[in-house]
Structure formats: C-alpha cells, structure tokens
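Read the structure below first, then the notes.
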Amino acid sequence: MESLANEPRPLDILILAAGLGTRMRSNLAKVLHRLDDRPLINHVCRTAIALAPRKIYVVIGNQGEEVKNAVLKEVDESHAEFVWQEKQLGTGDAVNAARRFLENEDSTLLILSGDVPMIRPETLAALVQLHHNHRGKGAACTILTVKLNDPTGYGRIVRDEGGLFQKIVEQRDADEQQAEIHEINAGIYCFDTKKLFSALAKVQNHNAQGEYYLTDVPELLRAAGEDIAIYQHRDSQEIEGVNNRVQLAELERQICRRTISRLMLDYGVTFIDPKNVYVNEQAEIGRDTVIYPNVRIEGETVIGDGTTIRSGTRITNSRVGLAVEILDNCVIVDSQIGNQCTVGPFARLRGNSIMEEGAKVGNFVELKKTNLGRGSKANHLTYLGDATIGENTNIGAGTITCNYDGKDKHPTTIGNNVKIGSDTMLVAPVTVGDGAATGAGSVVTKDVEAEALVVGVPARTVKKGE
Ligand code: UD1
Ligand code: CA
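Structure follows, in structure tokens:
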C-alpha cells in the first residue's frame, strides 16, 4: 500500500477575497479595483483556472455579490463555490468559513489571496509539486516565500538554527530582530486539507490586530510534529500584494512595461516613447505599426500591420486594419476600421461603427453605430449616427444626421457615389439614393431618389434622376 501514499490528491483552490482593504481608502472592495482593466480578483481566478483544480472556493464578504459576478466572468459556475464570511475577523477566520465544505476532504488545498494578482500558474504548479513530493511523502503545509529588499508590511518567515520553518510573524507583531528578516510570506500556501482544518480550530486572536491569523496554522502544525515545507521563489514581482493605491499603480506599470516589451521584441511594433503609452495585455498589434506617445490601447483591441497611431488617441475594444492612419486625439470605442482608412485628428467612433477599406473620417467628425462604405469620406465637422453609407460617397462639411426625434432613434441610408453638400441636415428616417446630391444648407426631410438633386429648406427636387 506504500505506493498509494504518493498518489497525488485532488487539488482544490481557495481564494480569500472578503476584506474591504482599509488601506485602499476606498468605497470599493479591494479585489474589485482594476489592474490592466480587470478587477484584481479576475487576475487571481484566471491563474487559478490554469491549474485545472477540482473546484475553486472563493471567500466573499464586502461587496460579495459584485465579487461573485466578477469571479463568474473567469470561472465556470460548475467549478466555483462561494463562501460568505459575515464579519472579517482575519485570514484564519476567512478560511474557517469554508469548513463545512472542506474539513473532511482528502485533498490538497491551495490558498491564494485575492490581492496578490501577479502570481503565475507555473509558480503555483511548482509549489504544489514540492508540497506533494517533500521528503518523498509530502508536507502538511508548504509556504510560498520570497526575499524582499524592503519587507515592510509583510509577515516574516522565522526559521530555526537548522534553517527549518519555525513560524510566521506579522509586521505588527514582530520584535526588532524579527522585523529585520527579509524573507516574507507571500500569503499563498498548500495544505493537507484535513490537517489544515484541525489546526485552524486552535487558532486564537491574541495579537496586535485582534484577528484570527491563517499564518498561525503552520506553527501549530509544526508543534504537532507535522512537516512544513518552504518554497522560496526568486521573482519578487510576482508576489507583490496590493494593499494601497501606490502598490496598485506600481503593478499597473509593471504589466504595461512587460506587454510593450513583448510587442516590440516579438511582434515588431515601434513605440516612440514606450514609457508614455498604455497597452492592455490582451491587445494584439501588427508588425511595423508605429505608436506615438500618450496613446491608450484598451481591452481586446486588434491592430494590423503598418498602421500609425498618433498622440492622444484612445482605442478601446476595436479592430483596426492594415496601413491605417489614425491622427492625433481620436477616441475609438467598440468599432472597426478597415485597411488603408484615415481617421482624425479629433475624430470619435463608437457604438459598433464600421469604416470600410479606404474610407476617411476627418477632424471633428463623430460616427455612432454607422457604417461608412469603401472609399467614402466625411472630412470635416460632421455627426453620422445610425447611418448606413455606401461606397465612394462624399459627406460635405457640417453634415448632420438628425437621428433623434426626442423619443426614438431613426436610421439614415445613403447610397453609393452620393454628394451630400456642406451643412446638410438629414432628418431621419430618410434615404438618399445612389448618385444623388444635396445642395449646401439643405434640410432633407423626404427620401431622395437616385441621381436626383435636392436643395433648400425643406429640400425639394430641382433635378430628377433619369
Ligand atoms: C497577509 C498575511 C501576511 C502576508 C501577506 C501577503 C495574514 C495574517 N497575513 O497579510 O503574512 O505577508 O498577506 O500578501 O494572513 N481577507 C478575508 N477575510 C478577512 C481578512 C482578509 O477574506 O477577514 C482576505 C483579503 O480580502 C485579502 C487577503 O485575505 O484578499 C489578505 O488579507 P490582508 O488583510 O490583505 O492581509 P495582509 O495584511 O496583506
Ligand atoms: Ca494583503
């Protein structure tokens, strides 16, 4: 039966996410604060999923419903179990909230903190492996640690003369000598589930914060003669916790720097001033695309090869094609820009607008839920909303689709090869046929036939189409 002892046990993961995060000085629960455009808890959940655990337990409390919804964006409902911690009495109490689900499980429990978002799956896998293989029979508890130049704020790892684990001392409970220790507790551990819950029952709150510390459990297990292993990791960046907004901003900078380096080295993107650009980790950008300073590329954005993006532009959840030129100070949200289009300066695209190949949108032009056909142009001072515009049509300066009657939105349809004169008001719902034209300053209240010319207020037909 000896061999069975080494059989890896099922892995469950427990994530602590009930705290408010007092040091954030925020009304928003800490794990809901955003890093790289996703709540902190989503980062931890995505990493947890990568380990393919049997189940992910999430301890929730402050703004628990919101945290739950965030978790369910990453974790399939069948793999998630939510555990409410009514009062936040400490990390030990948080784990204890899951007692009824876990205390009799013959499993390995990996505990993660909702506020340690940079940890990588590879590191966790190595931690679990050491936990299972420690001294050939596995440990009761394995602690992830790292040495920090500045350990302020973290729990310190106290080792005995033989270098073995002795205990964890929190910053606020540490004496002068212990405060000098640089090896810190990452707040990430593997436990033999049953042993964890039996020791947890003995944890008391006689400490500086009057809390039930999870960090007392390893010491209690050690006193009971159990083996405690330490996995000392090298990369301190992965282990950094977010307790305040300075730390959050620091991690944001790290992720962005990593994303931009990857885009430069592996994908051949030029950043003229990489320090002053934000690119979301999920964005894809093509070869020889040039990005000027003060650009923000957010969400799931895809940008093709050889495109130029000038300063002050924001692109969110959009697709941009090849050889596109986006000039300064544009805002492009939830939209698509085809190959060889030109946009801006000072243009705004939103609401699933689409520019087809070679289309042009110039200064002070807004497109909302509008499709601008191939080679068509709206070069100056124009609002196009709920509009469908054909190919090679020219929209004159100052044109407005009057799409809103105060109650409902109405569509405007413009055909191919149309010339809309400057300052035309298109009172929707209205259709302008292929090859038609409108005179400068006309107010179009009725459909215009193909090849016709309309002028005036309200516009009347002065030349019929053939
Ligand atoms: C904790 C560790 C510390 C470690 C550090 C690493 C304890 C006592 N200390 O300290 O040794 O160096 O993490 O980042 O565990 N939480 C709850 N319910 C509670 C209290 C906390 O769910 O009652 C959650 C928080 O939401 C957070 C996590 O547990 O996600 C850690 O809590 P936090 O208060 O940030 O602990 P630290 O002081 O950072
Ligand atoms: Ca913390």
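Here the working numbering is used: the sequence shown runs in plain steps of one and ends on residue 635. The beta carbon of each residue, even a glycine, is placed where N, CA and C say it ideally should be.
Beta-carbon contacts of residue i that lie in its chain and below 7 angstroms, excluding the five residues immediately before and after
i, result
"Glu560", "Gly542, Arg543, Gly544, Ser545 and Asn585"
"Gly554", "Lys537, Lys538, Thr539, Thr570 and Asn572"
"Leu299", "Thr311, Ala398 and Tyr400"
"Glu421", "Leu204 and Asp205"
"Arg414", "Met193"
"Met170", "Only weak support exists for where Met170 lies, its pLDDT of 41 falling under 50; the coordinates are left without a value."
"Asp385", "Gly261 and Val372"
"Asn354", "Ile312, Thr314, Tyr323, Gly324, Ile326, Ile337 and Thr384"
"Glu612", "Here residue 612 is Val; the residue named in the question, Glu, does not match the sequence. Cβ neighbours of Val612 beyond the five flanking positions: Met594, Val596, Val626, Pro627 and Ala628."
Contact test: residue i Cβ vs ligand 2 heavy atom, cutoff 7 angstroms
i, result
"Ser405", "no"
"Ser282", "yes"
"Arg412", "Note that residue 412 is Asn in the sequence shown here, rather than Arg. Answer for Asn412: yes, Cβ within range of ligand 2."
Close Cβ partners of residue i (< 6 angstroms) along its chain, the five nearest in sequence each way excluded
i, result
"Glu469", "Gln451 and Asn486"
"Leu432", "Val438 and Ile454"
"Phe360", "Leu278 and Cys310"
"Leu173", "Note on Leu173: pLDDT 47, under 50, position unreliable in the model; the coordinate value appears next. Closer than 6 angstroms at the Cβ level, and outside the excluded window around Leu173, lies no residue."
"Glu352", "Thr314, Lys316 and Ile326"
"Asn374", "Glu380 and Tyr381"
"Gly610", "Asp592"
"Asn548", "Gly531"
Ligand 1 heavy atom lying under 7 angstroms from the CB of residue i
i, result
"Gly188", "yes"
"Asn354", "yes"
"Glu339", "yes"
"Val285", "yes"
"Tyr400", "no"
"Gln416", "no"
"Tyr323", "yes"
"Leu383", "yes"
"Lys199", "yes"
"Gly259", "yes"
"Asp262", "yes"
"Val601", "no"
"Gly230", "yes"
"Gln347", "no"
"Leu185", "yes"
"Gln505", "no"
"Gln373", "no"
"Gln298", "no"
"Gln254", "yes"
Beta bridge counterpart(s) of residue i as assigned by DSSP
i, result
"Lys224", "Asp181"
"Gln505", "Arg488 and Ile523"
"Lys588", "Asn563 and Ala606"
"Gly230", "Gln232"
"Met287", "Looking at the DSSP assignment, Met287 forms no beta bridge with any residue, so it has no partner."
"Met594", "Ile569 and Val612"
"Gly544", "Paired residues: none, contrary to the question."
"Phe366", "Answer is none; Phe366 lacks a bridge partner."
"Lys237", "Lys237 is not bridged to any residue."
"Tyr400", "Leu313"
"His549", "Asn532"
"Arg517", "Val500 and Glu535"
"Lys636", "Since the first residue shown for the chain is 170 and the last is 635, residue 636 is missing from the structure and cannot be characterised."
"Glu467", "Thr485"
Beta-carbon proximity list for residue i, same chain, < 8 angstroms, skipping 5 on both sides
i, result
"Glu618", "Gly602, Ala605, Thr630, Lys633 and Gly634"
"Arg456", "Tyr436, Gly437, Val438, Asp474 and Gly475"
"Glu235", "Ala198 and Leu201"
"Pro580", "Asp555, Ala556, Thr557, Asn572, Ala597 and Pro598"
"Gln254", "Ala187, Val228, Ile229, Gly230, Asp262, Ala263 and Ala266"
Beta-carbon proximity of residue i to residue j, cut-off 8 angstroms
i, j, result
"Ile408", "Tyr358", "no"
"Gly650", "Gln340", "As displayed, the chain neither begins before 170 nor continues past 635, which places residue 650 out of reach and without an answer."
"Glu467", "Arg488", "no"
"Arg325", "Ile350", "yes"
"Val411", "Leu183", "no"
"Leu180", "Leu220", "yes"
"Gly233", "Tyr381", "no"
"Arg479", "Val502", "no"
"Ala187", "Ala295", "no"
"Asn532", "Ser504", "no"
"Gly507", "Ile495", "no"
"Gly567", "Leu550", "yes"
"Cys510", "Gly481", "no"
"Phe334", "Pro286", "no"
"Asp342", "Ala393", "no"
"Arg215", "Glu243", "yes"
"Glu395", "Lys363", "no"
"Asp319", "Gly190", "no"
"Pro137", "Ile424", "Not covered by the structure: residue 137. The range shown for the chain is 170 to 635."
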